[in-house]
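Each residue of the sequence shown is one higher than the last, beginning at 126 in this note's numbering.
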Amino acid sequence: IISTILDAGESFGRCNIGQNEPYQVEFVSANPTGPLHVGHGRGAAYGACIANLMEAAGYGVHREYYVNDAGRQMNILASSVWLRYLELCGETFSFPSNGYKGQYMLEIAKTLQNRHGDAFRVAAAEVFKDIPADEPQGGDKEEHIDALVERTRQLLGDERYLEVFDLGLNAILDDIKDDLAQFGVLYQTWFSERSLKEDIDKAIAKLEAGGHLYEKDGALWFRSTSFGDDKDRVIRRDNGETTYFASDIAYHLNKFERGFSKVINVWGADHHGYIARVKAALQAMGVDPERLIVKLVQFAILYRGGERVQMSTRSGSFVTLRELREEVGDDAARFFYVTRKPEQHMDFDLDLA
């Protein structure tokens, strides 16, 4: 059979069941707050397989990565870059327990220092003045980091803050793009969350016109319980800021308005709670919720020599997808990832792979 396959080339095993029907497959979509780790690799291998199989069956497949380039985690990343930069400039302080600590952060901070020298430097005493205590000092780590993010924005000003923000975002996103390309995973679109502002306004207007929103405690709520969700969801907080959920609604409306007949999302299993609320919002906006197909992927748990390897993006103590690829090889890693159903837990034995 092998010589037959080689002679047939690209046409072998292909058919036209799909008749070029436009399907979107969105997968990986990890926050650009650090390198991809072995858990992301499983979603990448599975999503790529879905897309490749559907393409071979004649569907018009569009691969997309949703870039979470807005919101709290990205602000924490920007603040972490600046704090690492301050350390390189000679400032001494206790780095926040809830900041991003990996080696990759130092590389980004070095780039900032090479570009600007001491121009972005502020004394540590001024940065940490009246900031709530961190967890190790008996405080609240969330309050501590949020206050530091706000202080970072104040001290740098809008223009310089955006430069630090974009430096961190672009360095990590470029690394993710390169990593996935070498893993044989390519996308037609890298969709920016920041580009959704008009779509968010449009989605809110649609929900409002249908009578699906109400105000309570100064916030704007979506009545998602009317569509099978277990509780109503906040769309806009009392401070006027829209929620992650508002972005999710707008993004999915945008997808269907682009003309895809079906949308397949490959999500981490920890996002299972989002399915009902996103489908509820689609139904409220007049989109058949059955057109959204969500496939859940359990993260892979990595073992080396029978011992579990701990992973955390914040602490920086994780095994990257790149390290896995270099050790195991791209093809072996992709094969190993898809040998089990995606919704089953996977113990990824490095020695065995």
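Yeah, the Cβ is synthetic: ideal placement off N, Cα and C, and Gly gets one too.
The way I'd put it, the stretch 368-378 does touch the stretch 319-337; three or more beta-carbon pairs between them come closer than 8 Å. With a contact defined as Cβ atoms closer than 8 Å, G353 and A401 qualify at about 6 Å. Counting other Cβ atoms within 10 Å of its Cβ, E189 reaches 16 or more and is therefore classed as buried. Taking the C-beta atoms as reference points, G398 is found no nearer than 8 Å to V422. Close CB contacts of H269 within its chain, under the 8 Å cut and outside five residues either way in sequence, are with P221, S222, N223, I256, P257, A258, D259, E260 (chain order). In the DSSP assignment, G282 falls within the alpha helix (DSSP H) that extends over 266-307. Per DSSP, the beta bridge partners of W346 are Y339, V359. Contact check between the stretch 283-303 and the stretch 329-339: fewer than three CB pairs, one atom from each, fall below 8 Å, which does not count as touching. Using a C-beta cut-off of 8 Å, the stretch 194-204 makes contact with the stretch 278-292, since at least three inter-stretch Cβ pairs fall below that distance. When the Cα atoms are used, V163 and D326 turn out to be separated by approximately 36 Å.
Annotation: V434 is outside any alpha helix (DSSP H) and is labelled neither H nor E by DSSP. Close CB contacts of G264 within its chain, under the 8 Å cut and outside five residues either way in sequence, are with P257, A258 (chain order).
Judged by DSSP in its simplified three-state form, Q144 adopts coil rather than helix or strand. The Cβ atoms of L281 and W346 lie no closer than 8 Å to each other.
Distance between D363 and N156, taken at the CA atoms: about 26 Å.
When DSSP states are grouped into helix, strand and coil, V206 belongs to the helix group.
Nearest neighbour of G138 by Cα position, chosen from Y286, A170, L338, I127, turns out to be I127. By alpha-carbon distance to T217, the top candidate from A249, Y148, A170 is A249. Contact between V419 and Q149 does not hold, since the beta-carbon distance rounds to 13 Å and is not under 8 Å. Secondary structure note for L131: its alpha helix (DSSP H) is the uninterrupted segment 127-133. Measuring C-alpha to C-alpha distances from N295 to each of D355, A234, P467 identifies A234 as the nearest. If you look at A169, you'll find it in the alpha helix (DSSP H) that goes 163-181.
Within its own chain, the residues whose Cβ lies closer than 8 Å to the Cβ of H470, once the five positions on either side in sequence are excluded, are Q423, I426, listed in chain order.
Taking a 10 Å sphere around the C-beta of T129, we find fewer than 16 other C-beta atoms and assign the residue as exposed.
Put simply, of F370, Y428, T368, S205 the residue whose alpha carbon is nearest the alpha carbon of S219 is S205. Looking from the CA of K226, the closest CA among C214, H241, Y210, L237 belongs to Y210.
Setting aside the 5 residues that flank it on each side, F316 is surrounded in the same chain by E189, Y191, each with a C-beta closer than 6 Å to its C-beta; the list follows chain order.
With fewer than 16 other CB atoms across the displayed protein chains lying within 10 angstroms of its CB, I142 is exposed. Around the beta carbon of G166, 16 or more other beta carbons lie within 10 angstroms, which makes this residue buried. The shortest C-alpha to C-alpha distance from G168 to any of D472, V463, R447 is the one to V463.
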